[in-house]
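Shown next, in structure tokens, is the structure this report addresses.
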Amino acid sequence: KRKPLSYCEVSMYFDNSDGLLASPFSEVVVTRRAFRSGESEYSINKTPARLRDIRELFRDTGIGKDGYSIIGQGRVSEILSDRSDDRREVFEEAAGVMKYRARKEEAERKLQATAKNILRLEDILRELESRLEPLRLQSEKAAEYFRLREELRELEINLFLYQYDKSNERLQQLRGVARQLSDEIPAALAEEEAYAAGCAKEEELERSLSAAISETSRTLIDLSASVEGHAGNEKLIHERIDALTADIARRQAEITRIRERETADGERSSQLAEEINLKKASEDALEAALETAEAEFAELSGSINAAEEKLEAQKQSMMDYMNRLADTKSRISRLGAMRESIRKQTASLAQELIEAEAEGKHLDEEYAEARADKEALLKHKAEFETARQAAIDEVNALNVNALSAAKAIRRAEDEISAGKSRLKVLEEMRRAHEGYYASVRRLLNDAQRSAELKKRMHGVVAELLSVPQEYERAVESALGSALQNIVVPTEHDAKYLINYLREHDYGRATLLPVSAMRARLLTDEEKKCFRGIDGCFGIASELVRFSPEYGSVFENLLGRTVIVRDIDTGILISRRAKSAFRIATLKGDILNPGGSMTGGSLQKREFSLLGREREIEELAESRKAAESRLAELRNAEAECSKALQEANAKAAAGADELRKLDVRLASLTEKADIVQKYIQKNVERIKQITEEQQRLADAETDIDAECASAEAAANGIDLGSSANGQDIKNTQLELANLRSALQAANDEISALRIRHTAANRERISAENELKRLNAELADAETRRNAETIAIEAAERDCRQLNDELGSVSCGLSESRAELNALNEELRRLESERAARLNALDELRSKHEQVSLRLSELRERLHRNELATNKAQSELDNMNERIWRDYELTYDNALSFRREIAVTQAHLRTDELRKELKSLGDVNTSAIEDYRELNERFQSLNAQCGDLRQAEADLNELIAKLTETMEKEFCEQFSLIRQNFTATFSELFNGGHAELVLSDKSDVLNCNIDIIAQPPGKKLQLLSLLSGGEQALTAIALLFAILKLKPAAFCILDEIDTSLDEANVDCFAEYLRKYSEGTQFIIITHRKGAMAVCNSLYGVSMEEKGVSTLVSARLD
């Protein structure tokens, strides 16, 4: 058993001495190597080539991919196929227009790609154009912002120098005034103390006299109050006695009046009681008579009602007799007509039932057929809907993916653009040392050009220090201007650089020699003050990174600085450490040693000296990541677009087929529904007919019985009607007599009711008056008893008041004598106190004058201190503001000094601030962004113009190719048609055949019909011939093509299978004739075809898996 090999290879050798193939070689060898993995390699004359190159080599030679050098049953089927495209490929290959079609299709594909690229570029250009104008405005705005900010910076620095000098001069003046005031205050203070002592002595004497006067006055006031109280009591007692006497007389008169009223009311009450008894007896008699009359009236009314009801019943009975008689006669007549109608309907329904049953059978058959067609179509539609829904879902998913990819690409491009602009700005600022003092910046710039300077400095503090982002603001605030100090190796290097600065007039700078710097660290006791406190991050020198050789420098700068989260934590630690070291918060607030604090808002800056290097690295890394992500997104977008085209084509094809199925299904559904409705209507109709027949039969029986019953009832009704008429007359006479008696009874009742009502009203009035009199008598007795009790109480009070009046008069005389003595003592004390007050006023006046002068001196000193503090604070604030805004000190700012008009400068700074504020938010990177975006826009616009030109060129090329193809095809088709007519006659030994273009105005796309007329038959289309005739006609067409453009060889694969023996012989003879110019290789099982061959080849498999060729020559 042989081992399987990894590949197989085959080569074909072509004699190209006549130059048929587009190759400079006289012999062309085409090789294909196929591997087990399914991959293939191709070569031409041992040179690797693409499959496309090989196809181009054989195009329009007849032995290409779509040529006619290999003819099998499939190619014959293509000619016989109803599809025009399959048949047209054969003609176009023979006509030599396939190379043009390939170029045209390639041009159309390029045109589609170009159109898509134009569309895409136009979308991008529209998007860029929409961004370009706003960005241009932002760029102009940013340029204006930088110009205004630089002008404002120069003016503010010069105004700072002017205001600083004025404030410093004012501060010195205030300090001189303070020294003068401090010398005057002690003398004024001694004089003020002497006067204060004299005033205190006189005030003590005055206070003792005032106390004696106050005590005497209080005694006098108390005694006066006692005298006035006794006099008032005496007068009050007299008034109360008089009032009680008058009250007793009034009450006695009231008792007499009440007794007289009681006597009169008693007499009237007795009279009313007798009247009430008489009226009650009369009222009872009238009420009894009324009840008797009403009973008689009710009895008569009942009799009349009974008589009326009886009469009404008799009349109703008479009406019933008459109605029943009329109804019975009418019913007898109606029943007769109904019986006749029922008999006619029964005959009609019997015929209708026969017709409905026959129609039902026909409808059942039609419905079964429509339902079967509908179920088959529904199944077919379900399969298509599943496939189409899958395609739609795929399209939707791809659309979403494409949209997401486009948005992601735009975001990535914007991100890259913004990052590049920001990175370029930062790198430019780093190269130019932007942000440093002018002296430091000039020195660093010179060091880049001078090796001598460069070796004498390590760099500035900001560049030698690496700070985590979260601590940048705290460290920057803690270091302040020290960030721009220059670190140098030794003191000699520092001396050299200082001399260099002085020689070049660069200004001043602070230098930090590594050899001279000593670490300033916290003690263990100081560390305990913040150890374990939440919000304390540690010592600043331990939180930053720097080279070990600079340890002494940074431990000197940051070794005694602690970083905390917020100012509250800083205050807690500062109190514990008694403000022994510096504390910095994450927001940049500083708690200085000694207790002072610095903080507030920080001006927002575009960069930080500490964070600039970190931001550059971050931007470079993010740019690489963004560019990589952008490339991935663009690849994904391209794949998504390709998949979307395929999915859209699939979905469109499915939608077309589904619409056709929906139309057919709707038609079948409508047909089935209509048939089903007819079936239901027919079933209901048969049911209704059957029910109607039964109902008519039952109705006829009922009508016969009802007719007999109605005739018997009519006779009975006549007899009852006569007897009822006599009863009605008797009842009417009785009712008239009863109504006369009822009227007389009603008149008597009305008279009795009037009399009874009048008697009742008089009795009720008398009873009400009696009740009122009894109530008045009871009230009079109550009031009389109350007045008697009040008189007795008033007499007791009078006796008690007379006794009290005697004791009050005796005490009043004694109090008046004591009051006169106290008044004399009070006048003496007040005279002595007045003399002391005059002396005290004189001393106080002098003391107040001295105190006022001392207060003025102190006030002037206090105001001077406030003004001094204010001036010092203004200087500090100016220093802080100029450092915060521009990172300059007073000494650094002197290099910017120039002569200015202060008033105009103030006005101009206000104008500049307003202009800067009116600009609003400013995109400082807009200038670079606009330049890059504009360059990109112009580049893409140029590309879009090139694509439009390419589109026009492609359209022109397609038009030329189409014109060439039409010309070539028409010429070659005419020759093929002539050859086909001749070969058809030769193969069929007669007959006639034609090739017809269905639309000569569109020769490249219209159908090509084959019309044949074999011997003995009429002219007809190819599809109407028998199978053998169709095959031989197709073979005739192929030979007609070979006759036009002979191929080097031709392989015929069992194309004679469907031919009968006679046609096989004709076919074999035709092969023999044409074999002189073309080499034919036939694969056949027909003996007639084998007989004309020069050589026979067979294949046997002596060993499994290995084929062996066997050949025989028949010359």
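Numbering (this note's numbering), first residue to last: 952 to 2066. Using N, Cα and C, we set each Cβ at its ideal position, and we do this for glycine too. For clarity, every value in this text was computed on a predicted model and none was experimentally measured.
Taking the straight line between their C-alpha atoms, what separation do you get for N1774 and L1195? 40 angstroms
Please report the straight-line C-alpha distance between E1557 and E1091, rounded to a whole angstrom. At E1557, the pLDDT of 47 sits below 50, so the modelled position is not reliable; the number obtained from the coordinates is stated separately. C-alpha separation (whole angstroms): 18 angstroms.
DSSP beta-bridge partners for A2063? L2047
Judging by CA-CA distance, which residue of T1461, G1047, L1070 is the nearest neighbour of D1842? T1461
Rounded C-alpha distance that separates L1946 from R1039: 12 angstroms
What are the start and end residues of each continuous alpha helix (DSSP H) run of 4 or more residues lying completely inside the segment 1975-2041, in chain order? 1978-1995, 2012-2025, 2038-2041
Please work out which residues of its chain come closer than 8 angstroms, Cβ to Cβ, to A1790, disregarding the five sequence neighbours upstream and downstream, and give them in chain order. Cβ within range, chain order: E1153.
Rounded Cβ spacing between L1863 and E1102 (contact assumed at less than 8 angstroms): 6 angstroms
Please report the straight-line C-alpha distance between L1513 and S1530, rounded to a whole angstrom. A small correction: the amino acid at residue 1513 is Val; Leu does not occupy that position in the sequence shown. Taking the straight line joining both Cα atoms gives about 12 angstroms.
Identified DSSP bridge partners for V1426: The partner list for V1426 (beta bridge, DSSP) is empty, contrary to what the question assumes.
Alpha carbon of E1713 to alpha carbon of A1224, nearest angstrom: 13 angstroms
Run of the alpha helix (DSSP H) containing T1860, from where it starts to where it stops: 1853-1870
Collapsed DSSP secondary structure at D969 in the structure displayed: In the structure shown, D969 sits in coil (DSSP, three-state: anything other than H, G, I, E or B).
Buried versus exposed call for Q1981 [16 or more other C-beta atoms within 10 Å across all chains shown]: buried
Give the DSSP-derived three-state secondary structure of A1491 in the structure shown. helix
Have a look at I1833 and L1434 and give me their C-alpha separation to the nearest angstrom. 16 angstroms
Among R1121, T982, D1456, I1069, which residue has its Cα nearest to the Cα of L1817? R1121
Less than 7 angstroms separating the beta-carbons of G1546 and T1536? For G1546 and T1536, no; Cβs fall outside 7 angstroms.
Since R1208 contacts E1738 with CB under 8 angstroms, what's their CB separation in whole angstroms? Between E1738 and R1208 the Cβ distance is about 10 angstroms, and since that is not below 8 angstroms, they are no contact.
Just curious, the beta strand (DSSP E) that E990 is in, first and last residue? No beta strand (DSSP E) holds E990; DSSP gives it neither H nor E.
Just verifying my parser: in three-state terms, what is the DSSP assignment at D1960? In this structure, D1960 counts as strand in the three-state DSSP scheme.
In the DSSP output, which residue or residues are listed as bridge partners for L1463? DSSP lists V1438 as partners of L1463.
What would DSSP say about M1468, mapped onto helix, strand or coil? coil
If we ignore side chains and look at the alpha-carbon of each, how far apart do A1944 and G1979 end up? 16 angstroms
Looking at V979 and L972, is the spacing between their C-beta atoms short of 7 angstroms? yes
State the DSSP-derived secondary structure class of R1580, mapped to helix, strand or coil. helix
Classify K2038 as buried or exposed, calling it buried when 16 or more other Cβ atoms lie within 10 Å of its own Cβ. K2038 comes out exposed.
With a CB to CB cut of under 8 angstroms and the five nearest residues on each side skipped, what residues in its chain are close to L1794? Y1146, G1149, C1150, E1153
When you compare the CB positions of C1591 and N1885, do they come within less than 7 angstroms of one another, or not? no
Straight-line gap, S968 to L1975 (C-alpha atoms, nearest Å): 46 angstroms
Heavy atom of the ligand FAD less than 6 angstroms from the Cβ of N1774, yes or no? This structure lacks the ligand FAD; in fact it carries no ligand of any kind.
Assign C959 to one of three DSSP states: helix, strand, or coil. C959: strand per DSSP, three-state reduction.
For L1912, which of helix, strand or coil comes out of DSSP? In this structure, L1912 counts as helix in the three-state DSSP scheme.
If we ignore side chains and look at the alpha-carbon of each, how far apart do S1390 and H1857 end up? 28 angstroms
Which residues DSSP lists as bridging T1520, in chain order: Residue pairing of T1520 in beta bridges, as defined by DSSP: absent, with no partner found.
In terms of alpha-carbon separation, which member of N996, R1071, Q1114 lies closest to S1824? Nearest option by C-alpha distance: Q1114.
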